[in-house]
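Residue numbering for the sequence shown follows the working numbering, beginning at 220 and increasing consecutively. We put the CB at the ideal spot given by N, CA and C, even for glycine. One structure below.
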Amino acid sequence: MKFGGTSVGGKQAIERTIGIVRGRLSQRPIVVVSAMSKVTDFLYTVYDAIDSADSSLLEERLRELRARHLSVVNELISDPFWREEAASRVEALAASITMSSSMASVISKGEYLSSNIIVCAMNSLGIRAAWLDARSYMVTDEDALKGEPDFDEICRRAPKEIDAAFSGQDVVVTQGFVGISKNGTETVLGRGGSDFSASITGMAVDADVIEIWTDVDGVRSADPRKVPATRCIPKISFEEASEMAQFGAKVLHPRTIEPAVRKNIPVVVLNSMNPEGEGTTILQGKYIEDGPKSVSSKEKIAVVTVSGEAMENPSALLSSLLSVLSEKRVSVDVVAVKEDCIIFTTDSLDRIQGACKLISEFAEVSVSEDYAQISVIGKNVPQLKTALRGASAHVAASPIMYLSRTPSFVNISFVVPKAAACEVINDIHKYIFE
Ligand code: ADP
Ligand code: ASP
Ligand code: MG
């Protein structure tokens, strides 16, 4: 069971979350928690103080960090023993951030703070809850801010560590987001990584189900912050959910589905503010009906156009291009090969300039960040490709139009000017779903 930032954001949210966990105790739940909402963002500003060698600013920010967590402890836990225990754990964690802390170490403290407070609160309410350091099993490579988990090593370590933690206890509480490299360096899995932590943990212990508890009623037909009339999707395939997450639906970390698929474990997305709701069940494709499920968008992308004489031999150009992109670790979302150019989109905004320098040695290249990428996801939807051009003039004019070539055709993506993105999403949502 993974609980996101808003599900552990304060007294009421934590009480609701504990109530939900209490209802599952007979199933031996492993609870993976995020930092309280906004805490990870705040920890970046704590690290800024370290980075700028400003120790009095660091003290000031740590006071704020302590105050936010201690006020939750005081409101939430009435039992004096457990209140004292939680407060001393908060103090110790805040004190562990020093001028020599690494960025990964600092930004992972949010999960350590929330998980300790929740364990103390559970015990104060008579639930036998063990606290487990996820770094006892969540092994990654050396990339401190976007650690690549080592699934095999995690599958070796997690069952032992988690079993040991369960001894004499009803529930084990651990942290999302955090990891440790093989050399013992603190790492994190990248922003929003707690979903990924939960599904990796579920995979490693062969869980019956991976529950992602968040602040909306399941996976919806579009981002509810952009489209007013979204619908909940009761069932969706692994492939569709994975594609949605990779193509902009922020409700799940893009890699959440991968570990679940390995062991064929259903993922259920639920609302901690409305625990009775059905939510969304993510399953193998054979149980899922054909048809469009959602429209999503990605705004932080670049559209890269590669052209010039090199287009006389497009396959050679494509192969040089792919080797540069792989060398520079630029991830590509969609590619279109045209008569006179190759166009692709990427969200690796920090790496694309370095790649373009190399590409410019063998072709002309231009980069634009003025576009947003819109994706319609659903099983077997190729016929929609033409229909969508009628839904919005921007779609008809799009310089890139992509249809996934997987056997179940789950993704149609195109780019439109950023300024028009919200209107296009709403037009398409109306056309398909309303
Ligand atoms: P958590 O802190 O629980 O991980 P997130 O903020 O990361 O929660 O993700 C939940 C949010 O994702 C929702 O509040 C919603 O605004 C947003 N969202 C974007 N696209 C979708 C979608 N297709 N379905 C549901 N929620 C979505
Ligand atoms: N706390 C981390 C973040 O804000 C991880 C997560 O919430 O999933 O990115
Ligand atoms: Mg999230």
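One residue after another in chain order, those with a Cβ under 6 Å from a heavy atom of the ligand MG are 223, 411, 414.
For residue 644, the uninterrupted alpha helix (DSSP H) segment begins and ends at 640-652. Excluding its 5 nearest sequence neighbours in each direction, residue 411 has C-beta neighbours in its own chain below 7 Å: 472, listed in chain order.
In the DSSP secondary-structure assignment, residue 454 is bridged to 500. Where residue 307 is concerned, the enclosing alpha helix (DSSP H) starts and stops at 299-314.
The C-alpha of residue 389 lies about 16 Å from the C-alpha of residue 378. Between the ligand ASP and the CB of residue 259, the shortest heavy atom gap is smaller than 7 Å. Bridge partners of residue 592 according to DSSP: 517, 634. In chain order, 236, 252, 432 place their CB closer than 6 Å to the CB of residue 222, counting only its own chain and leaving out the 5 sequence neighbours on each side. Nearest to residue 337 by C-alpha distance, out of 476, 502, 229, is 229. Bridge partners of residue 439 according to DSSP: 451. The stretch 225-268 is shown to contain whole alpha helix (DSSP H) runs of 4 or more residues at 230-241, in chain order.
Remark: the C-beta of residue 253 is in contact range of the ligand ASP, defined as less than 7 Å to any heavy atom. Residue 415 and residue 301 have their C-alpha atoms spaced approximately 30 Å apart. Rounded to the nearest angstrom, the gap between the Cα atoms of residue 589 and residue 524 is 13 Å. The beta carbon of residue 265 lies closer than 6 Å to those of 280, 325 in the same chain, with the five residues before and after it left out.
Within a 10 Å sphere around the beta-carbon of residue 354 sit 16 or more other beta-carbons, which makes this residue buried.
About 13 Å separates the beta carbons of residue 397 and residue 373, which is beyond the 8 Å limit, so they are not a contact pair. Look at residue 517: its beta carbon is at least 7 Å from all of the heavy atoms in the ligand ADP. The ligand ASP never approaches residue 477 closely enough for any of its heavy atoms to be under 7 Å from the residue's Cβ. In the three-state reduction of the DSSP assignment, residue 555 falls in the strand class, which pools E and B. In the DSSP annotation of this structure, the continuous segment of the beta strand (DSSP E) that includes residue 397 starts and ends at 397-400.
Collapsing the DSSP output to three states places residue 466 in coil. The bridge partners DSSP lists for residue 430 are 487. If you ignore the 5 residues before and after residue 651, its C-beta comes within less than 6 Å of the C-beta of 511, all in its own chain and listed in chain order. Checking the 7 Å criterion, the Cβ of residue 330 is within range of a heavy atom belonging to the ligand ASP. Within 7 Å of the C-beta of residue 598 there is not a single heavy atom belonging to the ligand ADP.
In the structure shown, residue 625 falls within a coil segment according to DSSP collapsed to helix, strand and coil. The closest heavy atom of the ligand ASP lies less than 7 Å from the beta carbon of residue 395. Cα atoms of residue 286 and residue 313: separation of roughly 10 Å, rounded to the nearest angstrom. Contact check for residue 434 against residue 342 fails: the beta carbons are separated by 8 Å or more. Under the DSSP assignment, residue 292 falls outside any beta strand (DSSP E), being part of the alpha helix (DSSP H) whose first and last residues are 274-295. In this structure, residue 447 has its beta carbon at no less than 7 Å from each heavy atom of the ligand ADP.
Only exposed fits residue 572, as fewer than 16 other CB atoms lie within 10 angstroms of its CB. Contact between the stretch 633-652 and the stretch 598-612 is present, with at least three C-beta pairs closer than 8 Å. By the neighbour-count criterion, in which a residue is buried when 16 or more other Cβ atoms sit within 10 angstroms of its Cβ, residue 278 is exposed.
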